[in-house]
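>
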Amino acid sequence: MPEQTGRPGDKQRLHAIAAGVVALVVAGIAQYALQRADNTALLLVSAMVLAAVSLWSLAFLASISWLVEGCVALISRMSRRARILVASGMAVVLLAGAAVTFFRMSGDDSCPQALELRILASPDGLETTGELARAYARVTARDNDGCPAVYPYVFAAATSAVSGALARRWSDANEERPLEQLGPRPDIWLPDSMLDVRQVRDIVVKGTLPSPLRQVTSIASSPIVLAGTDVAVVPHTDADSLPKLVSALLARGVPGPSLSAADPVASTAGLLAADVYLRDADGEMVAPDEARRREQIVSDSASSVSDEVGLLCGFQREQKAPAAVLVSLRSWQRFVAGRALGGGCPAAVAPLADLPDPVVVASAPALDQPFVQFTWTGARQSREVERFRDWLRSADGGAALREAGLRQPLAACSELDLNACLPDEPRKTLSLYEQAKRPGRVLLAVDTSGSMGQPVGSAATSRFTVAARGVGEALGQLGPKDEFGLWAFPISGGRKSYELVGVATGSARHRTAVVDALRAVKPSGSTPLYATVVAGLGALSGGADEQRVQALVVLTDGEDTSTEPGLPAALEQARRAAGANVRLYVIATGEARCDGPGGQAGPGPLYQLAQAGRGQCLSAGLEEVPETMAQLFETLWSGR
1 MPEQTGRPGD
11 KQRLHAIAAG
21 VVALVVAGIA
31 QYALQRADNT
41 ALLLVSAMVL
51 AAVSLWSLAF
61 LASISWLVEG
71 CVALISRMSR
81 RARILVASGM
91 AVVLLAGAAV
101 TFFRMSGDDS
111 CPQALELRIL
121 ASPDGLETTG
131 ELARAYARVT
141 ARDNDGCPAV
151 YPYVFAAATS
161 AVSGALARRW
171 SDANEERPLE
181 QLGPRPDIWL
191 PDSMLDVRQV
201 RDIVVKGTLP
211 SPLRQVTSIA
221 SSPIVLAGTD
231 VAVVPHTDAD
241 SLPKLVSALL
251 ARGVPGPSLS
261 AADPVASTAG
271 LLAADVYLRD
281 ADGEMVAPDE
291 ARRREQIVSD
301 SASSVSDEVG
311 LLCGFQREQK
321 APAAVLVSLR
331 SWQRFVAGRA
341 LGGGCPAAVA
351 PLADLPDPVV
361 VASAPALDQP
371 FVQFTWTGAR
381 QSREVERFRD
391 WLRSADGGAA
401 LREAGLRQPL
411 AACSELDLNA
421 CLPDEPRKTL
431 SLYEQAKRPG
441 RVLLAVDTSG
451 SMGQPVGSAA
461 TSRFTVAARG
471 VGEALGQLGP
481 KDEFGLWAFP
491 ISGGRKSYEL
501 VGVATGSARH
511 RTAVVDALRA
521 VKPSGSTPLY
531 ATVVAGLGAL
541 SGGADEQRVQ
551 ALVVLTDGED
561 TSTEPGLPAA
571 LEQARRAAGA
581 NVRLYVIATG
591 EARCDGPGGQ
601 AGPGPLYQLA
611 QAGRGQCLSA
621 GLEEVPETMA
631 QLFETLWSGR
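Residues in the sequence shown are numbered consecutively from 1, following full-length UniProt numbering.
This is the structure in C-alpha cells:
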C-alpha cells in the first residue's frame with residue numbers, strides 16, 4: 001500500500017486544534033503556579049510542564065496554520081454579507097482581547113499596599129516581638145492571594161523613655177518630642193510586664209490626664225530563671241524558692257560566688273531579678289550590709305550593662321556562658337540557641353552546647369507580657385490590632401509564642417495590681433538597691449578631632465555639639481557621692497594636657513565647669529585614641545578605690561591615627577587597669593565601629609579594648625549619642 005502524503009484530513013486537523021487548545025490551558029495553569037506557588041515540588045512540576053509545551057511548540061504552530069487554512073476555506077464558501085459579519089465579529093474579539101491584554105500588562109501585578117501596624121516593644125523583647133509580628137503578617141497572606149494584609153513596623157524604647165509620652169498621648173511636652181525622638185505613635189505596645197503599664201497609669205492619675213489605655217491583655221509569660229555553668233552545683237527540689245537557691249549560691253566560699261543580672265533601674269527583668277537576689281532564704285529582704293555585698297557580687301560578675309540584651313550579648317560575643325545568671329527564660333533560650341538577641345548581637349551565632357538546664361521555679365517572678373491597646377487607634381487599625389491579639393491567643397499563635405521562647409499566659413498574672421508574677425512592693429526593692437549601690441568615679445574622654453566638626457544630617461549641628469549635649473544629659477544622672485572628670489583629645493587650643501575638668505564630686509559648680517569647658521572646644525586635629533586610653537586608664541588606676549565603680553569612657557567617631565602607642569600597648573594597659581578595678585567603655589559613632597573593618601564579623605580594635613578593660617563597646621548612631629551616653633552613665637553611677 002503506498003505511503004500517504006499531503007495535508008492531513010479534517011479529523012487530524014481537528015485533533016491538532018483541540019490538542020493546541022488543551023496545551024494553552026495547561027501552559028497557562030503552569031505559568032500561574034510558577035508565579036504564585038511557594039511549594040518546591042509544585043514549582044518543579046510547573047517548570048517541567050512548561051518545558052514540555054515548549055518542545056511541542058512546532059506541532060502546535062502547525063495546528064494553528066491548519067486552523068487558519070480551514071477558516072479561509074470556510075469563509076470563501078460564504079456569501080459576501082456573511083463574510084462581512086464574520087470579519088466584524090473577529091475584529092471586535094481581537095480588539096477586546098488586545099484591550100484586556102494591554103490593561104493586564106500595564107497594571108501593577110504586585111500586592112496592594114498593606115495596612116501598617118506600628119508596634120512598640122521593649123529593648124529586651126524587640127527581637128521576639130519582631131518575629132511574632134512577621135509571623136502574623138505571613139498568616140494574613142494565606143487567604144489574601146499571597147499578599148500580607150498588614151505591614152508590621154516594630155521599634156523599641158525603654159519604659160522610662162516612653163511612659164510620659166504614652167500618658168500624654170504621644171504629644172510634645174517641654175523638650176520631649178516623641179515623634180522625633182522615639183518614633184511614630186504606636187498602635188500596639190508590647191512591654192515586658194504589667195509593671196511597665198503601671199508606670200503609664202500612675203503618670204495619668206497623677207496628672208489627671210485622660211487615660212490612653214483601652215485594653216490590656218496578658219498574652220504570654222516568661223519566668224525569671226537561674227541559669228549558667230554553675231547551676232548544677234546548687235542542689236534543689238521542686239519545693240525550693242528562687243531566693244533560697246540564690247542565697248545558697250552567693251554563700252559559696254571558694255571559688256568566690258558569681259551572679260550576673262540586668263540593671264533593675266533600666267530593665268524590668270533586672271528588677272525582678274533584684275527582687276530575688278536581695279532576699280534571703282526565707283524570702284525576706286536582706287539587711288543593708290548584706291545587700292551591699294550581694295550587689296557588689298552582681299556588679300563584679302559581668303561588664304556594666306543596662307538590660308538583658310546587653311548582659312547576654314557580652315557573653316555571646318565572647319562565645320562563653322555565664323557562671324550564674326538571673327534572666328528571663330525567653331532571653332536565656334534565645335542565648336543558648338544562638339539566636340539574634342538584638343542590640344550589639346543582631347545576628348544568629350552557633351548555639352552553645354552542654355549547658356545545664358536552667359532552674360525554673362513555679363513561685364519565681366515572671367514577665368507577664370501585656371498586649372496594650374490604645375484609645376487613639378483608628379477603626380481600621382483597631383480591627384487589625386484585635387485580629388493580631390486574637391491570633392496570639394489562638395493555637396496557631398501559641399505555637400509562634402513557644403517558638404519565640406515564651407510560655408502561655410498565667411491566669412494569676414493578668415491583672416495590673418493583684419498580680420502573682422510581680423513583687424508585692426517593687427519600690428522597696430529599688431530602695432534597697434539604691435542603698436546598696438556604690439558611687440561611681442567616671443572619666444570621660446571626648447574625641448575633638450577635625451571629623452567631630454562635621455554636620456549631623458542636614459542640620460547645622462555638628463557631631464561634637466551632639467556629643468556635648470549627651471554629656472549635659474549624662475550629668476543629670478550624677479548622685480551626691482559620684483565623681484566625674486572630662487578630657488578631650490587631641491591636645492590643642494594651647495592646652496598642655498588632655499584634661500579639661502579634673503575628677504571631682506558632681507556639685508552644681510562642677511557641672512557648670514564641665515559645660516563651660518565643652519563650649520570652648522573647637523574640633524580640630526588628629527585622633528590619638530590609643531594614647532588617650534593609656535593615659536586615662538593610668539590616671540584612674542593611680543587612685544583606685546574598691547568602694548567605687550571606676551571607669552574610663554571614650555567617645556570617638558574614628559580610628560586611631562597616631563603612631564605610638566599601638567593597639568597592643570593599649571590592650572595591655574586595659575588589662576592592667578581592669579585588675580585594679582578600673583573598666584574601659586567605648587562609645588563608637590560616625591565611622592567608628594565595634595565590629596571589624598567594613599562591618600565584617602568579629603571584634604574590631606574598639607571592641608578588643610573594651611573587652612580587655614572588662615567594659616563594653618557601644619555602637620551609636622550620630623543622633624543616638626546623647627541617649628546612649630545617658631543610659632551608660634546612669635548604669636555606671638548606679639554602681640553597675
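Cβ atoms here follow ideal geometry from the backbone N, Cα and C, with glycine treated the same way.
This one's a predicted model, so the numbers in the text were calculated from it and none came from an experiment.
Pop quiz: D240 and V361 are said to be a contact at Cβ under 8 Å. What is the actual Cβ separation, rounded to whole angstroms?
Yes, they are in contact, since the Cβ atoms of D240 and V361 sit about 7 Å apart, within 8 Å.
> Pull up the DSSP beta-bridge partners for R583, would you.
Bridge partners of R583: A551.
> If G359 and L226 are in contact, beta carbons under 8 Å, what's the gap, nearest whole angstrom?
Residue identity differs from the one stated: residue 359 is Val in this sequence, not Gly. Rounded, the Cβ-Cβ distance is 4 Å, consistent with contact.
> DSSP has V359 in a bridge; who is on the other side?
Looking at the DSSP assignment, V359 forms a beta bridge with L226.
> Nearest to V515 by CA position, among L486, G450, I491 and M285, is which residue?
Checked all of L486, G450, I491 and M285; the closest Cα to V515 is L486.
> Going by C-alpha distance, which of Q316, A364 and S221 is nearest A273?
The shortest Cα separation from A273 among Q316, A364 and S221 belongs to A364.
> Suppose you measure from the CA of R185 to the CA of P351; what does that come to, to the nearest Å?
Approximately 37 Å between the Cα atoms of the pair.
> What first and last residue would you give for the beta strand (DSSP E) that runs through Y153?
Segment V150 to A156, the beta strand (DSSP E) holding Y153.
> Under a three-way DSSP split, which group does C617 fall into?
Correct three-state label for C617: strand.
> Exposed or buried, P439, counting other C-beta atoms within 10 Å across all chains shown (16 or more means buried)?
Buried, since its Cβ has 16 or more Cβ neighbours within 10 Å.
> Note the first and the last residue of the continuous alpha helix (DSSP H) segment covering G472.
First-last of the alpha helix (DSSP H) with G472: R463 to L475.
> Bridge partners for T561 per DSSP, in chain order?
T561 pairs with nothing; no bridge assigned.
> Tell me, which residues are paired with L326 by DSSP?
According to DSSP, L326 bridges with L226 and A261.
> Taking only three categories from DSSP, how would you classify D447?
Here D447 sits in strand by DSSP.
> Per DSSP, what kind of secondary structure is M78 in: helix, strand or coil?
Looking at M78 - three-state DSSP - the assignment turns out to be coil, as it is neither helix nor strand.
> Apart from the five residues just before and just after A232, which ones in its own chain have a Cβ nearer than 8 Å to its Cβ?
Taken in chain order, the residues that qualify are P356.
> Checking 8 Å against the spacing of the C-beta atoms, do S267 and D307 come in under that value?
Taking 8 Å as the Cβ cut-off, S267 and D307 qualify as a contacting pair.
> When the Cα atoms are used, what is the spatial distance from G398 to T532?
In a straight line, the C-alpha of G398 is about 53 Å away from that of T532.
> Taking the straight line between their C-alpha atoms, what separation do you get for V298 and A141?
Cα to Cα, V298 sits roughly 47 Å from A141.
> Under a Cβ-count criterion, where at least 16 other Cβ atoms within 10 Å of its own Cβ denotes burial, should Q113 be classed as buried or exposed?
So Q113 ends up on the exposed side.
> Counting along the chain, where does the alpha helix (DSSP H) carrying T532 start and finish?
Run containing T532: L529 to S541, per the alpha helix (DSSP H) assignment.
> Which word fits R380, buried or exposed, when buried means at least 16 other C-beta atoms lie within 10 angstroms of its C-beta?
Per the 10 Å Cβ criterion, exposed.
> Beta-carbon separation of T128 and A404 under 8 Å?
Yes, they are a contact pair.
> Where DSSP assigns a beta bridge to D595, which residues make up the other side?
Answer by DSSP bridge pairing, in chain order: P603.
> Report the three-state DSSP secondary structure of L567 (helix, strand or coil).
Helix at L567.
> Is the CB-CB distance between S122 and C421 below 8 Å?
No, these two residues do not count as a Cβ contact at 8 Å.
> For G125, which residues from the same chain have a beta carbon less than 7 Å from its beta carbon, with the 5 sequence-adjacent residues on both sides left out?
The residues are L190 and D192.
> Using the three-state DSSP reduction, which class does P365 fall into: helix, strand or coil?
P365: coil per DSSP, three-state reduction.
> For P490, I'd like the list of residues in its chain whose CB is within less than 6 Å of its CB, leaving aside the five on either flank, ordered along the chain.
G525, S526 and P528, listed in sequence order.
> On a Cα-Cα basis, can you pick out the residue from W637, E627 and Q616 that is closest to R317?
Of the listed residues, the one whose Cα sits closest to R317 is Q616.
> Starting from W391, trace the alpha helix (DSSP H) both ways and give me its first and last residue.
Run containing W391: A379 to L392, per the alpha helix (DSSP H) assignment.
> I want to check one thing, is the minimum distance from the CB of S331 to the heavy atoms of the ligand ATP below 7 Å?
Only the bare structure without any ligand can be found here, which leaves the ligand ATP out of the picture.
> Assign D38 to one of three DSSP states: helix, strand, or coil.
Residue placement at D38 is poorly supported in this model, since its pLDDT is 48, which falls under 50; the coordinates still yield a value, given next. It is coil, neither helix nor strand.
> Tell me the rounded alpha-carbon separation between D196 and G283.
Cα-Cα distance, rounded: 24 Å.
> Report the option in V309, R441, D172 and K428 whose CA atom is closest to the CA atom of A551.
The shortest Cα separation from A551 among V309, R441, D172 and K428 belongs to R441.
> At the level of alpha carbons, what is the spacing between A504 and F484?
Cα to Cα, A504 sits roughly 6 Å from F484.
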